[in-house]
Structure formats: C-alpha cells, structure tokens
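Q: In this text, residue positions in the sequence shown follow our numbering: the first is 36, and each later residue adds one.
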Amino acid sequence: MGSVQIVTTILAAAITAVAVWLAVRAVMKMTAVIRLGQPAPERFGDKGARTTKMLVETAGHTRMLKWSVVGAAHWFVMVGFIVLSLLVLEAYFEVVTPGGGLPIIGHWTVFGLVTEWIGILGLAGILVLMAIRLRNRPTRPGGLSRFTGSTMWQGYFVEWVVLLVLIFGFVIRGFKVATDHFEYPVWATPLSHAVGAALPAWSAGVSVAALIKIAISMTWLIVISLNVTMGVAWHRFLAFPNIFFKRDPAKPAGSGLGPLRPMTSQGKPLDFEEADPEKDQFGVAQVEQFTWKGLLDFSTCTECGRCQSQCPAWNTGKPLSPKLLVLSLRDHAYAKAPYLLAGGGKDLTGEEKGTQEQLAGVDVLAMAEADRPLIGTAEEGGVIDPDVLWSCTTCGACVEQCPVDIEHVDHIVDMRRYQVLIESSFPSEAGVMLRNLENKGNPWGAPQNTREDWTKGLEFEVPRVGEADDFEYLFWVGCAGAFEDRAKKTTRAVATLLHEAGVKFAILGEGETCSGDPARRIGNEFVFQMLAQQNVETLNEAFEGREKAKRKIVATCPHCFNTLGNEYGQLGGEFEVVHHTQLLAHLVATGKLTPVQPVDGGVTYHDPCYLGRHNRVFAPPREVLGDSIQGDLIEMPRNSERSFCCGAGGARMWMEEKIGKRINVDRVEEAMATGAKTVAVGCPFCSTMLNDGVNGKGAGEQVEVVDVASVLLRSVRPAGAPGDEKESEPVAG
Ligand code: SF4
Ligand code: SF4
C-alpha cells in the first residue's frame with residue numbers, strides 16, 4: 036500500500052464511519068416516529084401476495100411506466116442504484132489498492148458487462164430526469180408545475196449525486212484501463228475503455244477517484260440522515276415497505292381505491308353500538324392517531340407531484356394538493372415527534388398525558404408544534420386548512436398516480452370523520468343532506484312513498500322483490516335514480532332495456548334507502564352504518580337462501596355500485612354487484628339487445644371516478660357506446676385511469692364550490708373541445724354536474740349530456756321508448 040492509498044483508506048474509513056453512525060441514528064428516529072401511529076393488524080396478512088406485489092410494482096415500475104419517458108428513465112436510475120451499489124462497495128477495495136475489486140464476481144466479465152451497461156443507461160436516465168425536473172421547475176413561466184411546493188434543492192442534490200457517482204464509476208475504470216489494472220475486454224466495457232484512453236497513466240488515479248466516489252456517496256448519506264423528511268432520497272428504501280404494506284395487495288392496481296377503510300380504534304373496527312368517544316378514537320384529530328402505515332406513507336412521499344398534477348381540486352385553483360397535504364402531515368409528525376416520544380400527547384378527553392418531568396427536556400419548537408390543531412386555518416396555526424380538507428372529491432386520481440402507493444383518500448376521510456363526528460365542523464350546506472339522510476333516507480329529503488314514481492308510464496310492470504321471487508337481478512335504483520329528474524330517465528331506460536332483453540329483475544321500491552355513500556365520504560360513519568345496516572338486512576332478506584353468486588344486484592349509480600359491492604361486506608352483506616353498463620354490454624354481446632340505428636353527431640365518454648378509477652370498469656361503457664354510435668367514440672385527453680372528476684364525489688355534490696374555477700366547467704370545456712354533440716356518462720351525479728356545466732356555458736342546444744343506457748336505448752329503439760322525454764328527438768345530427 037503506497038502513501039496515497041494510506042491517506043485514501045483513512046479518509047474513506049472516516050467519512051464512512053460518520054455517515055453510517057448518522058444513518059443508523061436516522062433510521063432509529065424514523066422507526067420511532069412511524070411506531071407512534073395506531074396499530075393496523077390487517078397489514079400483516081397475505082404476505083405472499085404482498086411480496087409479489089412489491090416485487091412486481093418496483094421491478095416493473097407499474098405506475099411510473101404510464102408516464103413512459105419518466106418511468107423508463109427512473110427505472111434505469113433505480114436499477115443503477117441497486118446494482119451500482121456494488122461498485123460503491125468495490126471502491127473500498129480500490130482505495131486500498133488500485134488493482135482492487137470485489138472478491139469473486141469482481142473478476143467476472145459478465146459483472147463488468149452488466150455494470151457497464153447499467154451505468155451507461157443510468158447516466159442517460161438521470162440526465163433525462165434532471166432535464167424533466169428543470170423543464171417542470173415551479174419557477175418556469177406559465178403553466179402548473181407538478182413540482183410546485185416540492186423541496187427543489189433536495190431533488191437537484193439527489194440527481195447530482197447520482198450523476199457524479201455514475202461518472203466517477205467510469206473515471207475509476209478509466210484509470211484502471213490507463214494503468215493496466217483493468218481486466219474486462221473492450222467489447223464488454225466500451226465506455227470504460229474510451230475514458231481510459233483519454234486519461235493519463237496516473238498510478239494513484241484509481242484510489243483518488245474511488246475516494247471521491249465514496250466521499251460523494253457518504254455525503255449523500257450524511258445529508259439524508261440529517262434530513263429524515265427528505266422523501267426524495269429516503270423513498271429509495273421506504274418505497275419497498277410502503278408497497279409491501281399497501282391496503283389490498285391482491286388487487287390489480289390502485290388498491291387504496293374502492294372501499295374506504297372502516298373506522299378503527301386501537302386497530303379494531305369501531306362498533307357504534309358500544310363506541311364511546313372518551314375511550315375510542317373517532318377518526319383522526321392528532322397526527323399520531325393515523326395508523327403507523329399512515330405515518331409510513333407520509334415519510335415515503337418522493338415529492339414527485341404526480342398526484343398534484345392530476346388532482347381536480349388543485350387544477351381548478353383550490354388550496355388542496357394531495358402532495359402538499361402529505362408533506363404538511365409529514366413535517367408536522369416529525370416536528371411534533373420529540374414531544375410525543377418524550378411521553379407527551381393528549382388523551383381522548385383532551386388531557387395532557389405527559390408529566391412535567393417528562394416534558395421538561397422537550398425543545399420549545401416541538402412543544403409549539405404539539406399545540407397546533409391538525410385541522411385549522413392559518414390564523415389558528417392549523418396543519419391542514421379546512422378548505423383543503425373539504426375540497427377533496429375523493430376521486431382517487433392521487434392514489435391512482437402515486438408511484439409509492441400512498442393512500443391519500445383514507446387519510447382525508449379519517450380527518451373528516453373526527454371533524455364531523457366529534458367537532459360537528461363541516462360545510463354547513465352539507466348539513467341539510469345529512470339531516471335528510473337521517474330523517475328521510477335520501478339526500479334530497481324526498482318522501483319515501485315517491486320512490487317508485489319513476490315506474491309510472493312505462494309500458495310494462497316493474498316487479499318488486501316479494502312479488503317476483505325468481506328474479507335474476509335486483510335492480511338497485513338509488514336515490515338519484517328514484518328522485519332526480521334526469522337520473523330517472525336513466526332508470527327508465529335501464530328498466531326498459533332489461534325488460535326488452537328478457538332479464539328477470541325486481542326492485543326494492545320503498546324498501547330501499549340511500550346506500551350511505553355521501554355520509555361515509557363526508558365522514559359521518561355513524562349515519563353510513565345506520566343506512567348500510569338497514570340495507571344489508573333488507574338485501575339479505577331479499578336474497579335469503581341464495582349463494583353469493585346468485586345474489587346479483589345491478590346499480591346505475593357508481594357510488595351505490597361501489598358501496599354495495601365493496602363496502603357492505605364490512606357489515607355482513609356479500610353481493611355480486613354490477614354496474615348497468617357492464618350488464619348492458621353483456622346483453623349486447625350475447626345478442627339479447629340489438630342496436631339498430633347508430634346515434635350520430637359524435638359522442639365522447641366521461642369516466643365516472645367511482646366506476647372507472649375506483650373499480651376499473653373502463654371497457655363496458657365504451658363497448659356499449661361502440662355498438663350504439665356512428666363512427667368511433669371520441670376520447671377526451673383525460674380519460675380512463677386519468678379521467679378528470681366531475682366535481683361531485685366525496686359528498687362535494689352537496690357543498691358549495693366557492694374557490695377557484697368550477698370543476699364541472701373545466702370538464703365540460705374539455706368535452707366540448709372534442710366537438711362531440713353527445714357527452715355520455717355512467718353516473719347520475721356526473722350527469723347533473725356536466726349538465727349544469729353545459730347549461731352554465733349556454734351550450735344546452737349544442738351538446739347533450741346523457742347516460743350510456745339512454746344512448747343504447749335510442750339505438751335499440753330509434754322510434755323512442757315510452758317515458759323517455761327525449762324519445763321523439765334524434766340525439767344529435
Ligand atoms: S382524491 Fe381527487 S380531489 Fe382528493 S386529493 Fe386526491 S386527486 Fe385531489
Ligand atoms: S404521487 Fe405520491 S410520492 Fe408523488 S408527490 Fe404525490 S404522494 Fe408524494
């Protein structure tokens with residue numbers, strides 16, 4: 036060992052020792068913070084599916100590859116990080132001796148070849164990512180940046196570290212080539228040989244370059260260890276457990292979508308018959324009341340802003356960005372942690388748990404952070420502004436896009452639950468809807484005895500359950516379908532089509548009440564459970580003696596479809612629920628319904644969030660339309676998984692939209708820009724919102740918003756169906 040190698044070895048060992056010590060301390064701190072969360076025992080089941088999902092999602096970059104260039108570039112950088120970590124390890128041999136290398140594999144040409152090409156592709160990948168970050172920087176003129184609110188220096192720092200580590204990997208190899216210490220052939224390592232040809236035969240070059248590479252890597256480790264909230268770096272480690280512990284690993288994608296988690300206290304579902312707000316946790320009022328998975332979610336956020344770029348609230352000027360919400364919760368959790376870890380915290384009656392002695396050593400900033408209300412305005416020092424909390428439509432675009440499977444909707448609803456159930460604090464206009472649900476069983480407060488009014492004037496009798504026990508499908512009409520004028524047309528169209536196709540169906544009529552979706556999404560789990568239990572009882576009775584496969588329900592409202600199919604199981608109601616577009620697609624495909632006259636004038640389709648993203652029903656409505664219209668369906672730029680919300684979900688239907696541009700107007704403008712004369716929908720709420728948007732723009736004469744079922748009915752029965760007020764008019768053209 037020469038004198039240069041003695042110095043490089045000592046320096047490499049010193050900086051590594053400091054970095055490792057800080058990293059161990061940081062990992063212990065993060066673990067302690069995450070462990071402050073509430074139990075989530077359900078996250079430990081199904082380990083096989085979890086492992087498979089984690090490997091598939093990370094190795095396949097299943098979310099990010101939808102953003103193809105970014106996804107591909109990030110994939111090479113990720114693989115580069117994992118594989119080229121071996122080269123950082125190798126650098127420790129190279130600081131000791133210029134000819135050093137990893138034992139066994141370090142002398143293998145295949146190792147040289149693989150690392151060479153991963154290095155080259157990693158270089159290309161990181162340059163692409165740097166260019167994308169620069170091009171999308173928040174300070175660029177014009178346009179919304181997905182990086183707005185992200186900590187930009189951290190992103191730049193991480194990218195420069197990756198770039199320099201990769202470059203120095205080739206510089207080390209170049210010096211090895213130049214000093215004749217390199218074993219791999221030119222065909223396997225062309226770039227290393229090219230760099231070597233340009234470098235002098237400096238004998239100490241390998242060890243010095245290896246020391247620089249180690250110093251850069253360890254500086255990175257020191258910086259991230261001193262910044263435990265630096266998700267852009269820590270996600271390299273945290274993404275694995277965060278994906279492993281995702282909500283439902285068996286689901287194909289977006290597993291944080293569909294059903295909401297039941298309310299839990301100490302990891303157990305809350306039973307409202309026995310629950311006591313002084314003993315049981317009702318939603319989330321303090322950051323430590325999220326589960327540990329919630330705290331892991333917040334720690335894992337990479338600040339990439341994909342969620343923000345898709346959020347309808349953010350895109351229409353509301354204060355809600357799912358990214359900024361997650362970052363606020365993360366920063367608050369870590370800032371409050373010293374107080375909590377010292378034994379501080381409020382019990383469920385609001386009393387301080389920590390003793391004076393315990394809290395004596397807690398620094399003043401952590402104590403001040405602990406005093407901030409989780410939900411509150413800027414004047415109140417709140418962590419999350421009420422306008423942020425109530426702007427969410429629960430559309431799920433954020434969850435769908437997040438590459439590390441953060442479950443934003445669950446966290447938002449958990450915070451709403453506390454606000455509604457304990458604080459009675461929510462947009463006042465939604466109070467009418469909740470009162471109507473409690474007193475009348477529907478959000479409009481319509482009399483229950485008018486639930487069957489939509490059947491009047493039909494040319495056939497609509498059977499009720501009990502009158503016709505041999506029904507195949509129970510037709511769940513839903514409150515909108517029964518009481519709202521436009522939705523009633525869809526109900527009548529579906530009933531007519533089912534009748535025409537010879538499907539045996541029956542309705543509950545006055546036995547039906549609201550599915551409970553708006554109550555659950557606004558956070559009133561108590562009202563949801565009341566309505567849901569009543570419906571589960573009614574439905575179990577209607578299907579008595581039938582196995583699950585024969586307990587079939589067809590629903591026209593995606594919110595009912597989601598609630599009945601995905602959430603009633605939490606209350607003992609197991610049913611096979613289909614959306615009407617799925618059943619209609621099947622009836623057309625099997626020849627039970629035959630479209631005869633294509634509807635013309637151009638048709639576009641708006642994916643309802645609770646049908647598409649939440650339940651992945653994308654194809655059936657398109658199939659029905661494809662069979663019913665002239666020419667091809669005209670897709671809007673934002674469609675399918677990336678569809679843009681209508682603005683009504685998350686009980687937003689019953690709240691005023693006071694801030695920014697109206698979401699429905701934004702969506703209608705996109706639909707109208709396609710030039711289509713018909714905007715087909717598959718949800719009564721989308722129908723209302725988009726109709727309002729069209730009318731608001733004074734375009735009611737040029738564009739019609741209509742359900743997929745009505746389009747099909749007009750094609751099946753061009754002469755018109757009784758009861759369809761539009762029956763005598765051609766749809767368009
Ligand atoms: S669910 Fe939709 S509205 Fe709510 S934060 Fe996510 S993207 Fe935004
Ligand atoms: S998409 Fe996920 S990782 Fe990216 S900013 Fe949003 S929450 Fe964070």
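By construction, the Cβ of each residue, glycine as well, lies at the ideal position given by its N, Cα and C atoms.
1) Which same chain residues, not among the five before or five after A780, have their C-beta less than 6 Å away from its C-beta?
2) Compute the beta-carbon to beta-carbon distance between V212 and G231, rounded to the nearest angstrom, for a pair I have assumed lies under 8 Å.
3) Which residues bound the alpha helix (DSSP H) around Y374?
4) Comparing the CB of V434 with every heavy atom of ligand 1, is any distance shorter than 8 Å?
5) Here's the rule: buried if 16 or more other CB atoms are within 10 angstroms of the residue's CB, otherwise exposed. What is R673?
6) Does the distance between the C-beta of T713 and the nearest non-hydrogen atom of ligand 2 fall short of 8 Å?
7) Report all residues from its chain with a CB closer than 6 Å to the CB of F578; omit the five preceding and five following residues, and keep chain order.
8) Which of helix, strand or coil does DSSP assign to H614?
9) Within this structure, are the beta carbons of A75 and T429 separated by less than 9 Å?
10) Got a sec, what are the start and stop residues for the alpha helix (DSSP H) Y453 sits in?
11) With contact counted as at least three CB pairs below 8 Å, one residue from each stretch, are the region 265-284 and the region 150-167 in contact?
12) At the level of alpha carbons, what is the spacing between E464 and R98?
13) In three-state DSSP terms, what is E125?
14) State yes or no: is the C-beta of G710 nearer than 8 Å to some heavy atom of ligand 1?
15) Please list, in chain order, all residues of the same chain as D81 whose beta carbon is under 8 Å from its beta carbon, the five residues on each side excluded.
16) Quick one: is T598 buried, meaning 16 or more other Cβ sit within 10 Å of its Cβ, or exposed?
17) Cα separation between V703 and F272?
18) Assuming R749 and V631 are in contact, meaning their beta carbons sit under 8 Å apart, how far apart are those beta carbons, in whole angstroms?
19) Roughly how many angstroms separate the alpha carbons of G758 and V729, rounded to a whole number?
20) Within 10 angstroms of its Cβ, does E323 collect 16 or more other Cβ (buried), or is it exposed?
21) Report the start-end ranges of each alpha helix (DSSP H) in the region 116-182 that is 4 residues or longer and not cut off at the edges.
22) Going by Cα to Cα distance, which pick from I419, A432, E414 and Y369 is closest to M402?
23) On the criterion of 16 or more Cβ atoms from any shown chain inside 10 Å, does R60 qualify as buried, or is it exposed?
24) CA-CA distance, L819 and G431?
25) DSSP three-state label for T531, please.
26) Below 8 Å, is the gap between the Cβ of H270 and the nearest heavy atom of ligand 2?
27) Identify whether S238 lies in helix, strand or coil by the three-state DSSP scheme.
28) Between the region 679-697 and the region 457-476, do at least 3 Cβ pairs fall closer than 8 Å?
29) Going by beta-carbon coordinates alone, are S344 and V39 separated by less than 9 Å?
30) Using only alpha-carbon positions, find the residue among E487, C339 and T384 that is nearest to C167.
31) Any heavy atom of ligand 2 closer than 8 Å to the beta-carbon of H109?
32) What did DSSP end up calling P643 once you bin it into helix, strand or coil?
33) Might you give, ordered along the chain, the residues of its own chain that have their beta carbon closer than 7 Å to the beta carbon of A620, omitting 5 neighbours on each side?
34) So does W349 have its beta carbon nearer than 8 Å to some heavy atom of ligand 1?
35) With DSSP as the reference, identify every bridge partner of W511, one or two as the case may be.
36) Can you give me the C-alpha to C-alpha distance between W237 and I155, rounded to a whole angstrom?
A: Once the coordinates are examined:
1) Since the first residue of the chain shown is 36 and the last is 768, residue 780 is not available in this structure.
2) Rounded to whole angstroms, the Cβ separation of V212 and G231 is 2 Å, and the two are in contact under 8 Å.
3) Residues P357 to L376.
4) Within the cutoff, so yes.
5) The residue in question, R673, is buried, as its Cβ has 16 or more Cβ neighbours within 10 Å.
6) T713 Cβ: outside cutoff for every heavy atom of ligand 2.
7) Taken in chain order, the residues that qualify are R586.
8) For H614, the secondary structure class from DSSP, reduced to helix, strand or coil, is strand.
9) Contact check for A75 against T429 fails: the beta carbons are separated by 9 Å or more.
10) Where Y453 is concerned, the enclosing alpha helix (DSSP H) stretches over H443 to L456.
11) The region 150-167 and the region 265-284 do not touch, with fewer than three beta-carbon pairs separated by less than 8 Å.
12) Cα to Cα, E464 sits roughly 37 Å from R98.
13) Helix at E125.
14) G710 Cβ: outside cutoff for every heavy atom of ligand 1.
15) Cβ contact annotation for D81 (same chain, cutoff 8 Å, sequence separation greater than five): P284 and A285, in chain order.
16) When all chains shown are included, T598 counts as buried.
17) Spanning the alpha carbons of V703 and F272 requires a straight line of approximately 42 Å.
18) Rounded to the nearest angstrom, the Cβ distance from R749 to V631 is 10 Å, too far for a contact under 8 Å.
19) Confidence at G758 is low in this model, with a pLDDT of 47, below 50, so the placement of that residue should be treated as unreliable; the coordinate-derived value is given next. Their Cα atoms are separated by approximately 24 Å.
20) It counts as buried.
21) Those alpha helix (DSSP H) runs which fall completely within the region 116-182 and span 4+ residues are 144-170.
22) Nearest in C-alpha terms to M402, of all of I419, A432, E414 and Y369, is Y369.
23) Counting Cβ neighbours within 10 Å, R60 comes out exposed, since fewer than 16 surround it.
24) Here the chain comprises residues numbered 36 to 768, so residue 819 is not present and cannot be evaluated.
25) Here DSSP, grouped into helix, strand and coil, assigns T531 to helix.
26) Answer for H270: yes, Cβ within range of ligand 2.
27) Correct three-state label for S238: coil.
28) Look at the beta carbons and you see the region 679-697 touching the region 457-476: at least three pairs across the two are nearer than 8 Å.
29) Going by C-beta atoms, S344 is not nearer than 9 Å to V39.
30) First, the amino acid is wrong: residue 167 is Ile here, not Cys. Among E487, C339 and T384, the Cα nearest to that of I167 belongs to C339.
31) No; taking the cut-off as 8 Å, the Cβ of H109 has no heavy atom of ligand 2 nearer than that.
32) Per DSSP, reduced to three states, the secondary structure at P643 is coil, with no helix or strand assignment.
33) Only P655, E658 and V659 meet the Cβ criterion.
34) At least one heavy atom of ligand 1 lies less than 8 Å from the C-beta of W349.
35) W511 is bridged to A590.
36) If you draw a straight line from the Cα of W237 to the Cα of I155, it comes to about 24 Å.
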